[in-house]
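Undergrad:
2 protein chains.
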Amino acid sequence: MNHILILGGGKSSTFLIDYLADTCESKNRFLTLADLDAKAAAAKLQNRSNTAAVSLDIQDEPSRKKLISEADVVISMLPAFMHPIVARDCLELGKHFFSASYESDEMKSMKENIEQKGLFFLNECGLDPGIDHMSAMKVIHEAHDKGEKITSFKSFCGGLLSPQSESNPWKYKFTWNPRNVVLAGQGTSRYIEKGDLKFVPYHQLFKRLETVNFPGLGDFDGYPNRDSLSYRKVYGLQEIPTMLRGTLRRAGYCKAWNVFIQLGMTDDSFVMEMPENSTLRQLMNAFLPYHKTLSVEEKLAELIPELDFPTFEKIQWLGFFSDRKLPKTKGSPAQILQAILETDWALEPEDRDMIVMQHQFEIEGVSGKKQILSSLVCLGKDATHTAMAQTVGLPLAIAVDLFLDGKIKLTGLHVPVVREIYLPILSHLETLGIKFVEKEIINPARPSQ
Amino acid sequence: MNHILILGGGKSSTFLIDYLADTCESKNRFLTLADLDAKAAAAKLQNRSNTAAVSLDIQDEPSRKKLISEADVVISMLPAFMHPIVARDCLELGKHFFSASYESDEMKSMKENIEQKGLFFLNECGLDPGIDHMSAMKVIHEAHDKGEKITSFKSFCGGLLSPQSESNPWKYKFTWNPRNVVLAGQGTSRYIEKGDLKFVPYHQLFKRLETVNFPGLGDFDGYPNRDSLSYRKVYGLQEIPTMLRGTLRRAGYCKAWNVFIQLGMTDDSFVMEMPENSTLRQLMNAFLPYHKTLSVEEKLAELIPELDFPTFEKIQWLGFFSDRKLPKTKGSPAQILQAILETDWALEPEDRDMIVMQHQFEIEGVSGKKQILSSLVCLGKDATHTAMAQTVGLPLAIAVDLFLDGKIKLTGLHVPVVREIYLPILSHLETLGIKFVEKEIINPARPSQ
Numbered sequence: 031m032n033h034i035l036i037l038g039g040g041k042s043s044t045f046l047i048d049y050l051a052d053t054c055e056s057k058n059r060f061l062t063l064a065d066l067d068a069k070a071a072a073a074k075l076q077n078r079s080n081t082a083a084v085s086l087d088i089q090d091e092p093s094r095k096k097l098i099s100e101a102d103v104v105i106s107m108l109p110a111f112m113h114p115i116v117a118r119d120c121l122e123l124g125k126h127f128f129s130a131s132y133e134s135d136e137m138k139s140m141k142e143n144i145e146q147k148g149l150f151f152l153n154e155c156g157l158d159p160g161i162d163h164m165s166a167m168k169v170i171h172e173a174h175d176k177g178e179k180i181t182s183f184k185s186f187c188g189g190l191l192s193p194q195s196e197s198n199p200w201k202y203k204f205t206w207n208p209r210n211v212v213l214a215g216q217g218t219s220r221y222i223e224k225g226d227l228k229f230v231p232y233h234q235l236f237k238r239l240e241t242v243n244f245p246g247l248g249d250f251d252g253y254p255n256r257d258s259l260s261y262r263k264v265y266g267l268q269e270i271p272t273m274l275r276g277t278l279r280r281a282g283y284c285k286a287w288n289v290f291i292q293l294g295m296t297d298d299s300f301v302m303e304m305p306e307n308s309t310l311r312q313l314m315n316a317f318l319p320y321h322k323t324l325s326v327e328e329k330l331a332e333l334i335p336e337l338d339f340p341t342f343e344k345i346q347w348l349g350f351f352s353d354r355k356l357p358k359t360k361g362s363p364a365q366i367l368q369a370i371l372e373t374d375w376a377l378e379p380e381d382r383d384m385i386v387m388q389h390q391f392e393i394e395g396v397s398g399k400k401q402i403l404s405s406l407v408c409l410g411k412d413a414t415h416t417a418m419a420q421t422v423g424l425p426l427a428i429a430v431d432l433f434l435d436g437k438i439k440l441t442g443l444h445v446p447v448v449r450e451i452y453l454p455i456l457s458h459l460e461t462l463g464i465k466f467v468e469k470e471i472i473n474p475a476r477p478s479q
Numbered sequence: 031m032n033h034i035l036i037l038g039g040g041k042s043s044t045f046l047i048d049y050l051a052d053t054c055e056s057k058n059r060f061l062t063l064a065d066l067d068a069k070a071a072a073a074k075l076q077n078r079s080n081t082a083a084v085s086l087d088i089q090d091e092p093s094r095k096k097l098i099s100e101a102d103v104v105i106s107m108l109p110a111f112m113h114p115i116v117a118r119d120c121l122e123l124g125k126h127f128f129s130a131s132y133e134s135d136e137m138k139s140m141k142e143n144i145e146q147k148g149l150f151f152l153n154e155c156g157l158d159p160g161i162d163h164m165s166a167m168k169v170i171h172e173a174h175d176k177g178e179k180i181t182s183f184k185s186f187c188g189g190l191l192s193p194q195s196e197s198n199p200w201k202y203k204f205t206w207n208p209r210n211v212v213l214a215g216q217g218t219s220r221y222i223e224k225g226d227l228k229f230v231p232y233h234q235l236f237k238r239l240e241t242v243n244f245p246g247l248g249d250f251d252g253y254p255n256r257d258s259l260s261y262r263k264v265y266g267l268q269e270i271p272t273m274l275r276g277t278l279r280r281a282g283y284c285k286a287w288n289v290f291i292q293l294g295m296t297d298d299s300f301v302m303e304m305p306e307n308s309t310l311r312q313l314m315n316a317f318l319p320y321h322k323t324l325s326v327e328e329k330l331a332e333l334i335p336e337l338d339f340p341t342f343e344k345i346q347w348l349g350f351f352s353d354r355k356l357p358k359t360k361g362s363p364a365q366i367l368q369a370i371l372e373t374d375w376a377l378e379p380e381d382r383d384m385i386v387m388q389h390q391f392e393i394e395g396v397s398g399k400k401q402i403l404s405s406l407v408c409l410g411k412d413a414t415h416t417a418m419a420q421t422v423g424l425p426l427a428i429a430v431d432l433f434l435d436g437k438i439k440l441t442g443l444h445v446p447v448v449r450e451i452y453l454p455i456l457s458h459l460e461t462l463g464i465k466f467v468e469k470e471i472i473n474p475a476r477p478s479q
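First to last, the sequence lines map onto chains A and B. Sequential numbering from 31 applies to the first sequence in the working numbering. Sequential numbering from 31 applies to the second sequence in the working numbering.
In C-alpha cells form, the structure reads like this:
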C-alpha cells in the first residue's frame, strides 16, 4: 500500500486533497494530511477510507521526520521557504517529493543526491509555475518536431475575478495573498524583444503594458513579470528573439495602480507614522508636494498627467479623496495601503475567482509564418472551490497519481517540461475541464509589434 | 606633550593635517599620521617637527590598538564603517575620538560608557554633517534667545564645481566619490512642510525641486535629502512646521539626471549583461520599450514628456545617442553608468571644486515676520587643496585644537550643536575664509510657498 503525505491543508490544497483522497480505497493507497489545525484537516478529508488527519507543527523536526519516514511520497503545500527543509528530509529518508513552487537554488543543490538515490522530485507543478510550463512546452515541442522555428513567445497569466464578481471599479478583489498583490512587480523586470534585451524598473512597469484579449471576456492589461530571460533556457529557446512572461489584470487596473507606485505608496522599505486619526486623503497628501492653494485632487492631476477619469474614479472609490480614517497609521506605506485594500477588496462569500492564461507564439514554418494563441480560462465554483485551488492543486495531484500508478518512471529533480510528465497531466486536466483553446492564424497580416 | 593620531591620510585629510601639523612644535604636541601608504603620509607631513608617518593596515588590530594606546586624541578619517571599530578601541583604551561622519547607532550605544570614562567623542564635525549643524544652530539659538519662533528651516548643501570649471553641459564633474553621486537619493526622502509630513520616492525626488539662488553664482536645483524629520530633534525644533534638508546641483542637472532614474539606469539591485561591443545607444535602448519604427531619441521623448533641449543636450553630450562603446558591459546599471561618467566627468588638473551651502529660515519675532538667508561659498584652490578638503578637514582640526587647548571642556558623546563647541569653531573658520553671509528680510512680501 502506497502512503501519500500532504503537508499543509490550506485553501489551495482543496482540490489536491479531494483528487487523491477519492481514490485511496480503489487504488489501495493511504493518505495522511498534516496541518497545524488537525480538525480543519479532518474536515477536508470527510472520513474517506484510508485517510487520516494529523496535527503537525512543521518546525517540530522529530514529528515532521517521523511522518515523512512513514510515507512514500510527500507533497509540500507549505509556504515556499519550508520546501527545502522538507525536501532535505525526503532526501535523507529516501522519499519522493512534490511541490507547486519554484525550484529554488537550494533545491537545485540537491540534484545529484536525488539522482543517486533514485528518487523523483517534482517542483513547479501547479499553475504558474506549472500549467504554464506544460502547455507552453506542448506547443514548443510540436513546433520543433515539425522543424518550425519559434520567433516570439509571450505568456500571460492572472488570478482575477469571475466577470459576475467584478463589482467594483478596479474589477479586482484579493483572491490570493494581499501582500504579494501590493508588492507585485517590485524589482526590475527583464525580457527580450526582437533580439533586444529590455529592463524595466518598477516605476515604469505598469506603463509597459500589452493588451491581451480573451474571446468572450474582453481585454486585460499584461505587464512584464520579473526575469523572463531565464525561461529561455528552461524552455530550450536560447536563441529566441522575443520572450516575455507577464501578469494579467483587468484593463484599466494597471493605470490606476501605477498612481500608487508613482506616489511611493507601495514602498515597503521604511516605516512611516501618520498622526492618529489621519484620513486616506491625508495619507495621499503626504506623497504629494506641498502647495498653498491646490487641492489633493489638483496636485495629483498635476503630478500624474495621464490621470484620466476611469483612473480617478478607482482612486476615489477607495476613499483617497475622502475623510475616511486610516485603518492603520504606522507601518510601511505598502502595509498601510494593504490594510486599506483588505477592507475594500475583500471577497464576498458569493464571489467567484477566475484564472486566465494565454500563450502567444509566432512561428516560422516551412509554409510561412503563423501565430498560435493558446488560452485557458478557469472559473471558480465558490469561495472554497476556487479556480486558483483547482489549477494549483490538480496538476500536482495528477502528477502524484501518475507517479504512483507507474506512468511517470523518471528519477531525479524535475520541472514539468518533459513530455513524459506534461502530456498525461494535460490530458487528465482536460477531462476535468482545465483546457487550453488554441487558435492558429496563418500568415498573419499584422504581426505583433 | 599631547599626542594626536590621525587615521587615514586621503584627499580630504589635507587641510586637517596641515592645520594640526603646523602648530605641533609651538604647542608642544606630537602628531602621528597612519595610513596604508606611509610614503604618501610622509609627503603630507613634509618633515614638520614633532610629526611622524606610519604604515597601518586598519584591519590589523594589534598594530591599530598599539598606535591608539600611544595617543591622547584619535581622529578617524577612515571610511564610515570603520569609525565604530576605532571608537570602540578608543573607549577601551581611554582615548578621545573625533570624526566628520554621522553619529551611527553603534556610536550612540557607547554613549554611557563614554561619559563614565570622562572621554570626549565628537562626530559630525566636518562639512555636511558639521558646518551645517554649527551655522544653523547659531541662528536657531540666537532666535530662541530673543524669544522668536522659527516656523520654517530649509537647508541646502552641494559639492560642485567652481564656475570656471563648469565646462560641460551638466556643469558637473566628480569632486568626490562617484558611486555616491550615481546612487544619490535612493530610498525615500522625508520632510515636513506647513505641518504636513512629506514622503518622496526616489523616482519623484529629482522632480521635487526648489530653486536656490546664490548672489553672484546664479541658480541651483535643491532636492530633498533623506530623512529631514530626524533633524527636528537634533536642532531642538520638534514643533517646527517646515523642515527640509536638501542637496544642491547646478540648475538643470536634476532634470537631466532624472532621465537616468526614470529609465532605471541608476538601479544597483541586479546585474545585467549587455552583448560584447554594445554601445551607449544600445544600453539606453535596453531601458526603452521596443518599437518597430521609432528611434531611441523618439522613444525617449515619448517616455519622458518633459524632455526639453537642455536635457536632451546633456544626455547627448555623454554619447547616449552615439555608437560609443560601453566601457563595461556587465554590472549593475548603476555600475555601468558610473564607468561611463568616470570618463566624462573626470576632474582635469586645473579644475577647482566649490562648496555651496544655504540656510533659509522663516522666523516670527515680536516685531513681525522675517526671513534669514545664510549662505556659504567656498572655492577650491587646486586639485589637492579642494573646497571639500577645507570644509571637511578644518572644522575637525579646529575642534581638536580647541579641545587640546582646554577651550572645549565637555565630556561625553557629542555633535557640534552646543555653543561651547560651535561658537569657537565658526569663529576660527571665519578667520580662514570659511564664512557665512547673512541676509535678513523683514516682513517679506512674498513668503516662500
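Glycine is no exception: its CB is placed at the ideal position from the N, C-alpha and C atoms.
Determine the extent of the beta strand (DSSP E) in which B/N253 is found, giving its start and end residues.
TA: Here residue 253 of chain B is Tyr; the residue named in the question, Asn, does not match the sequence. That run of the beta strand (DSSP E) goes G248 to P254.
Undergrad: Pick out the complete alpha helix (DSSP H) segments inside the stretch 47-130 of chain A, 4 residues or longer, and give them in chain order.
TA: 68-75, 91-99 and 113-123
Undergrad: With 7 Å set as the bound, which would you pick, yes or no: does the beta-carbon of B/H458 sit closer than that to a beta-carbon of chain A?
TA: no
Undergrad: Strictly below 7 Å CB to CB, what residues from chain A border B/T218?
TA: Neighbours of B/T218 on chain A, chain order: G294, D297, S299 and F300.
Undergrad: Counting beta carbon pairs with one atom in the stretch 293-309 of chain B and one in the stretch 235-245 of chain B, are three or more of them shorter than 8 Å?
TA: The stretch 235-245 of chain B makes no contact with the stretch 293-309 of chain B: fewer than 3 CB pairs, one atom from each, lie closer than 8 Å.
Undergrad: Do A/P363 and A/M304 have their beta-carbon atoms positioned less than 7 Å apart in this structure?
TA: no
Undergrad: With 8 Å as the limit, tell me which residues of the stretch 353-370 of chain B have their beta carbon closer than that to any beta carbon of chain A; keep them in chain order.
TA: P363
Undergrad: Does the beta-carbon distance from A/I455 to A/A417 come in below 7 Å?
TA: The Cβ-Cβ distance between A/I455 and A/A417 does not fall below 7 Å.
Undergrad: Roughly how many whole angstroms lie between the Cα atoms of A/G246 and A/W200?
TA: 19 Å
Undergrad: Against A/Y320, what residues of chain B qualify as contacts under a CB-to-CB distance less than 9 Å, listed in chain order?
TA: The contacting residues are E223, K224, D226, K228, T272 and Q479.
Undergrad: Consult DSSP for A/I242 and reduce its assignment to one of helix, strand or coil.
TA: The identity of residue 242 of chain A in the sequence shown is Val, whereas the question assumes Ile. A/V242 falls in the strand class under three-state DSSP.
Undergrad: Taking C-alpha atoms, which residue in B/L330, B/S56 and B/L46 lies nearest to B/F290?
TA: B/L330
Undergrad: By how many angstroms is the C-alpha of A/M273 removed from the C-alpha of A/H233?
TA: Spanning the alpha carbons of A/H233 and A/M273 requires a straight line of approximately 21 Å.
Undergrad: Report the start-end ranges of each alpha helix (DSSP H) in the stretch 136-221 of chain B that is 4 residues or longer and not cut off at the edges.
TA: 141-146, 161-175 and 208-213
Undergrad: Using Cβ-Cβ distances below 8 Å, what residues of the stretch 278-291 of chain B are close to chain A?
TA: Answer set for the stretch 278-291 of chain B: empty.
Undergrad: Is the CB of A/A316 under 7 Å away from at least one CB in chain B?
TA: yes
Undergrad: Taking 7 Å as the limit between beta carbons, can you name the residues of its chain near B/E343, skipping five residues before and five after?
TA: P199
Undergrad: Grouping DSSP H, G and I as helix and E and B as strand, with all else coil, what is A/Q479?
TA: Any answer about A/Q479 is weak, because its pLDDT of 45 lies below 50 and its placement is not dependable; what the coordinates show is given next. Correct three-state label for A/Q479: coil.
Undergrad: Return the chain-ordered ranges of every alpha helix (DSSP H) run that is complete within the stretch 312-365 of chain A and spans a minimum of 4 residues.
TA: 326-333 and 339-347
Undergrad: Which residues in chain B sit within 7 Å of A/H233, going by Cβ to Cβ distance?
TA: In chain order: H233.
Undergrad: Exposed or buried, what is B/H113 when buried is set at 16 or more other beta-carbons lying within 10 Å of its beta-carbon?
TA: When all chains shown are included, B/H113 counts as buried.
Undergrad: Using the beta-carbon count (16 or more within 10 Å), is B/Q390 buried or exposed?
TA: buried
Undergrad: Excluding the 5 residues preceding and the 5 following B/D102 in the sequence, name in chain order all residues of the same chain whose CB lies nearer than 8 Å to its CB.
TA: N32, H33, I34, K125, H126 and L434
Undergrad: Please determine whether the Cβ atom of B/A117 lies at a distance below 6 Å from any heavy atom of the ligand MN.
TA: What this structure holds is no ligand at all, so the ligand MN is not there to describe.
Undergrad: Can you name the start and end residues of the alpha helix (DSSP H) that B/S431 belongs to?
TA: Position check: residue 431 of chain B holds Asp in this sequence, whereas Ser was assumed. It spans A417 to L434 - the alpha helix (DSSP H) in which B/D431 sits, taken as one unbroken run.
Undergrad: Starting from the beta carbon of A/R209, find every residue of chain B whose beta carbon is closer than 8 Å, and list them in chain order.
TA: Going along chain B, no residue has its Cβ under 8 Å from A/R209, so there is no contact; the nearest lies around 19 Å.
Undergrad: Ends of the beta strand (DSSP E) at A/I291?
TA: Taken as a continuous stretch (DSSP letters only), A/I291 belongs to no beta strand (DSSP E), being part of the alpha helix (DSSP H) at Y283 to L293.
Undergrad: Pull up the DSSP beta-bridge partners for A/S405, would you.
TA: A/Q388 and A/V467
Undergrad: Establish whether the CB of B/R256 and some CB of chain A are separated by less than 7 Å.
TA: no
Undergrad: Beta carbon of A/S85, beta carbon of A/A72: below 7 Å?
TA: no
Undergrad: Any C-beta of chain B within less than 8 Å: which residues of the stretch 328-340 of chain A qualify?
TA: Residues of the stretch 328-340 of chain A with a C-beta less than 8 Å from any C-beta of chain B: L333 and P335, listed in chain order.
Undergrad: How many whole angstroms separate the CB atoms of A/L356 and A/I366, which I take to be in contact at a CB cut-off of 8 Å?
TA: 7 Å
Undergrad: For B/A64, which residues from the same chain have a beta carbon less than 6 Å from its beta carbon, with the 5 sequence-adjacent residues on both sides left out?
TA: L37, V84, L86 and L97
Undergrad: State the Cα-Cα distance for the pair B/D90 and B/F111, rounded to the nearest angstrom.
TA: 15 Å
Undergrad: Counting only Cβ pairs nearer than 9 Å, list the residues of chain B close to A/R238.
TA: Near A/R238 (Cβ distances below 9 Å), the residues of chain B are P319.
Undergrad: With H, G and I counted as helix, E and B as strand and the rest as coil, what does DSSP make of B/D297?
TA: coil
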